[in-house]
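Asks: Those letters in the sequence shown? Residues 1245 to 1396, by our numbering.
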Amino acid sequence: LGTIMLLLFRVGWAKPVMINTQYFKNKKQGTLLVSLAGPLANVITAWIFYNIVSIFGTYMLRSAIGQPLILFLYINVQMNLGLAAFNLIPIPPLDGSHVLASLLPRSLSYRYAQLAPYGPIVLIGLLIFGGSRYIVNPIFNVLFRILDRLSL
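What follows is the structure, given as structure tokens:
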């Protein structure tokens, strides 16, 4: 299914990572931190590539391999920010759903968790009908602005 999804929609499919909260002293805080780890890793990777282009871009343009290398780095910036933005969508099983659940009061978090079985169906619907761009693009733009302001 993942390969077909990748070919048709440019997005693959992965198994969600189960979070074992029994080792957390504060379950909500632990869940929040674990759920933000993946998107944060994507943002940090994008930040590194963005700064390489910012610092060395003019020097790289002078070499024969410079333009393709800059393009490669910039595509990696976009891909990593896109993955971070996509994973922050608050639809189960994405990381954003765990972030939202950990921020909600316990009663709402429980009701939200009851919607989890329908998350993949909603997600596929958003991908098929193009609705995901209305969610991903604003998140991507915010992440890019943050990345740009934190750059060297």
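Built from N, CA and C at the ideal position, the CB exists for glycine as well.
Measuring CB to CB, does S1346 end up less than 9 Å from K1269?
Replies: Cβ distance not < 9 Å, so S1346 and K1269 don't count as in contact.
Asks: Assuming the contact rule is C-beta atoms closer than 8 Å, M1323 and I1314 should be a hit. Round their C-beta distance to whole Å, please.
Replies: Actually they are not in contact, since the Cβ atoms of M1323 and I1314 sit about 15 Å apart, beyond 8 Å.
Asks: Could you check which residue in I1372, G1374, P1337 has the C-alpha nearest to that of Q1358?
Replies: Of I1372, G1374, P1337, the residue nearest in Cα terms is P1337.
Asks: Mind reading off the beta-carbon distance from A1285 to L1325? Whole number of angstroms is fine, and I expect it under 8 Å.
Replies: Actually they do not touch by this definition, with Cβ atoms about 12 Å apart.
Asks: Per DSSP, what kind of secondary structure is Q1322 in: helix, strand or coil?
Replies: Reduced to three states, the DSSP call for Q1322 is helix.
Asks: Restricting to Cα atoms, I'd like to know which of M1262, V1261, G1340, A1328 is closest to I1472.
Replies: The question about residue 1472 has no answer, for the chain in this structure spans 1245 to 1396.
Asks: Have a look at G1274 and V1386 and give me their C-alpha separation to the nearest angstrom.
Replies: Distance between the alpha carbons of G1274 and V1386: 24 Å.
Asks: Please decide whether Q1266 counts as near chain C, where near means a Cβ-Cβ distance under 9 Å.
Replies: Note that chain C does not occur in the displayed structure, where there is just one protein chain.
Asks: Count the other CB atoms, across all protein chains shown, that sit within 10 Å of the CB of F1316; report buried if there are 16 or more and exposed otherwise.
Replies: Flag for F1316 reads exposed.
Asks: For a test of the three-state rule: what should DSSP assign to L1277, helix, strand or coil?
Replies: If DSSP states are grouped into helix, strand and coil, L1277 belongs with the helices.
Asks: Out of R1355, S1353, S1341, N1381, point me to the one whose CA is closest to P1364's CA.
Replies: When each option's Cα is compared against that of P1364, the closest is S1341.
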